[in-house]
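**Student:**
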Amino acid sequence: GLVIGPRGGIQINDYCQTSNLDIYAIGECALHNGRIYGLLTPGNEMARVAVGHLMQKDVEKFQGGDMFTKLKVVGCNVAVMGDSLGKTPGCESFCISHTFQGSYKKLITDADATKVIGAIFVGDTLEYNNVLNTMLNDLPLPPNPELLLLPQAASGGKIGGVEKLPAAARICNCNNVSKGQLCRAIRDNCFALQS
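The opening residue of the sequence shown carries number 24 in my numbering; numbering runs sequentially from there.
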């Protein structure tokens, strides 16, 4: 049989191969370096690595997946990313809670409060994409990081807006589409799905 982790999951190597190298496992059944990724983006990344390895092309290793998700739970939006529990030693947390509106936002930064390392949004998730792009692209934070949690009007405009993102920044996580790919498609007049 295949090697299974102590708490479940089929153990895989960096190419998504199981203990039987002819069998691959991806998604939430796969255990990579002691971790199961039950999210779409890491599953897609595993699939890309496994296919590349099978075809002996683009043989890139699976490095672990980005841990972020946005859900709607019984009429309430919930989103988490990165170290959402603030377990990184020395990290800083910035919270905004609005009981009347039923919203809670928490931004977790590194010890110097210069980089986003995690966040939680409950209720109001309007700033989720901006915070996610700031984290994924390692964009610097303003002197008052909590401004990222405020609506645009209150914070004086987006801090990590799309215009500040590098070409390699992912715009669509499900399909792994970068800002550069989108800009190129627009420049090339690709305005239909078939293009």
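We treat Cβ as the ideally placed atom computed from N, Cα and C, and that holds for glycine.
If you count every other CB in all the chains shown that lies within 10 Å of the CB of Asn153, and 16 or more means buried, which is it?
**Tutor:** Numbered from its first residue, the sequence shown carries residue 153 at position 130. Buried, since its Cβ has 16 or more Cβ neighbours within 10 Å.
**Student:** Mapping the DSSP letters down to three states, classify Cys99 as helix, strand or coil.
**Tutor:** In the sequence shown, counting from the first residue as 1, residue 99 sits at position 76. Note: Cys99 maps to strand in three-state DSSP.
**Student:** With a cut-off of 8 Å on the beta carbons, I'd call Ile46 and Gly66 a contact; round off their distance for me.
**Tutor:** Residue mapping note: residue 46 aligns to position 23 of the sequence shown, counting from 1. Residue mapping note: residue 66 aligns to position 43 of the sequence shown, counting from 1. Their Cβ separation, rounded to whole angstroms, is 17 Å, which puts Ile46 and Gly66 out of contact at 8 Å.
**Student:** If you pair each beta-carbon of the segment 66 to 82 with each one of the segment 124 to 135, do three or more pairs fall below 8 Å?
**Tutor:** The segment 66 to 82 is not in contact with the segment 124 to 135.
**Student:** By Cβ distance, which residues of its chain are closer than 6 Å to Val103, with the 5 residues on each side in sequence left out?
**Tutor:** Mapped onto the sequence shown, residue 103 falls at position 80. Only Ile143 meet the Cβ criterion.
**Student:** Once DSSP output is grouped into helix, strand and coil, what is the label at Glu51?
**Tutor:** Against the sequence shown, residue 51 aligns to sequence position 28. In the structure shown, Glu51 sits in a helix (DSSP, three-state: H, G or I).
**Student:** Can you tell me the Cβ-Cβ gap for Ile140 and Gly105, rounded? I've got them flagged as a contact below 8 Å.
**Tutor:** Walking along the sequence shown from the start, residue 140 turns up at place 117. Walking along the sequence shown from the start, residue 105 turns up at place 82. Confirmed, about 5 Å.
**Student:** Quick one, which of Val72, Lys187, Pro29 and Ile119 has its alpha-carbon nearest Gly57's?
**Tutor:** Working through the sequence shown from its first residue, we reach residue 57 at position 34. If we check each option's Cα against that of Gly57, Pro29 comes out closest.
**Student:** Look at Ile33 and Leu44 and say whether their C-beta atoms are less than 9 Å apart.
**Tutor:** The residue labelled residue 33 in the question sits at position 10 within the sequence shown. The residue labelled residue 44 in the question sits at position 21 within the sequence shown. It is not a contact, given that the beta carbons lie outside the stated cut-off.
**Student:** Kindly identify the DSSP beta-bridge partner or partners of Arg193.
**Tutor:** Numbered from its first residue, the sequence shown carries residue 193 at position 170. Arg193 pairs with Ser201.
**Student:** In terms of residue numbering, what span does the alpha helix (DSSP H) encompassing Thr148 cover?
**Tutor:** Start at 1 with the first residue of the sequence shown, and residue 148 comes out as number 125. Premise fails: Thr148 is in no alpha helix (DSSP H) and is neither H nor E.
**Student:** Mind checking Val72: buried by the 16 CB within 10 Å criterion, or exposed?
**Tutor:** Counting from 1 along the sequence shown, the entry for residue 72 is found at position 49. So Val72 ends up on the buried side.
**Student:** State the start and end residues of the unbroken alpha helix (DSSP H) segment that holds Thr41.
**Tutor:** Reading the sequence shown from its first residue, position 18 is the one you call residue 41. That residue, Thr41, is in no alpha helix (DSSP H); it is neither H nor E in DSSP.
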